[in-house]
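Asks:
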Ligand code: SF4
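Residue numbers (the numbering used here): 3 to 215.
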């Protein structure tokens, strides 16, 4: 049985579906410890739930878009894969947000993957599983959370080396409260990078510390 931190209904704050109502299923546990982590409460807290119990909670909301998130949901891999399959079979549009350190190879192709590559200032760069890049679909999203110029230059290098502009949707996001968004936007425009800049909408709609939004 998976350990689940929270299930809630809110607005998708990031990526190409930003602004849309979405149900979030947050799995407990994470194998990483990013310097800027804003969900440390998901490292250990939660309760064990069966797939059916999770699905019953999801059904309470009148919404067909579900995001599986964490923590790192793939720490509980078998449970996570099984839940995503059940949700897809029920006609839900399913997305998973993963930190990029655990294999995504066996994720159901119906699921949209939103994967991080951890930049140097996260402190987790060495945990990136680059083999995962081979499993991203054109509709999947690869996210770089950028805290300084070194992170930006690193991201640019990784994109060029791996020809990622042709592979999937690329997202550049600032570390909240660490770097001015305009700095990153100016760099993107100067370099004519084919990436999508984004802000975490939920941190502007609600207080940035608010949980469950
Ligand atoms: S992967 Fe996400 S949940 Fe895990 S430490 Fe990093 S920011 Fe926090």
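Positions of the beta carbon are idealized from the N, C-alpha and C atoms, including for glycine.
Here the structure is a predicted model, which means the values were calculated and not measured.
Any contact between the region 5-12 and the region 187-195? By contact I mean 3 or more CB pairs, one from each, below 8 Å.
Replies: As far as the Cβ criterion goes, the region 5-12 does not touch the region 187-195, which means the pair count is below three.
Asks: Using the Cβ count rule (16 or more neighbours within 10 Å means buried), how would you classify residue 111?
Replies: By the 10 Å Cβ count, residue 111 comes out exposed.
Asks: Are three or more beta carbon pairs between the region 139-152 and the region 171-181 nearer than 8 Å?
Replies: Result yes; three or more Cβ-Cβ pairs closer than 8 Å.
Asks: On the criterion of 16 or more Cβ atoms from any shown chain inside 10 Å, does residue 93 qualify as buried, or is it exposed?
Replies: Classification for residue 93: exposed.
Asks: Can you give me the C-alpha to C-alpha distance between residue 156 and residue 116, rounded to a whole angstrom?
Replies: Cα to Cα, residue 156 sits roughly 19 Å from residue 116.
Asks: Report yes or no: do three or more beta-carbon pairs, one from the region 60-75 and one from the region 96-106, lie closer than 8 Å?
Replies: Verdict: yes, contact present.
Asks: Who are the near neighbours of residue 20 in its chain, counting only those whose CB is closer than 7 Å to its CB and skipping five residues on each side?
Replies: Within the same chain, residue 20 has close Cβ partners 14, 200, 203.
Asks: With respect to the alpha helix (DSSP H) encompassing residue 87, which residues constitute its N-terminal and C-terminal limits?
Replies: From DSSP, the alpha helix (DSSP H) with residue 87 extends over 79-91.
Asks: Please classify residue 214 as buried or exposed, where buried requires at least 16 neighbouring CB atoms within 10 angstroms.
Replies: Exposed, by the Cβ-count rule.
Asks: Does at least one heavy atom of ligand 1 sit under 8 Å from the Cβ of residue 126?
Replies: Answer for residue 126: yes, Cβ within range of ligand 1.
Asks: Between which two residues does the beta strand (DSSP E) carrying residue 114 extend?
Replies: Its beta strand (DSSP E) spans residues 114-118.
Asks: Run the proximity test for residue 118: is its beta-carbon closer than 8 Å to any non-hydrogen atom belonging to ligand 1?
Replies: Yes - ligand 1 has a heavy atom lying nearer than 8 Å to the Cβ of residue 118.
Asks: I need the boundaries of the alpha helix (DSSP H) containing residue 185, first residue and last residue.
Replies: Here the alpha helix (DSSP H) through residue 185 covers 183-193.
Asks: Does residue 78 pass the burial test, meaning 16 or more other C-beta atoms within 10 Å, or should it be called exposed?
Replies: Result: buried.
Asks: Is the beta carbon of residue 109 less than 9 Å from the beta carbon of residue 85?
Replies: No; because the gap between Cβ atoms is not below 9 Å, this pair is not in contact.
Asks: Write down the C-beta distance between residue 67 and residue 6 rounded to the nearest angstrom, noting that I regard them as a contact closer than 8 Å.
Replies: Contact flag wrong, Cβ pair sits at about 18 Å.
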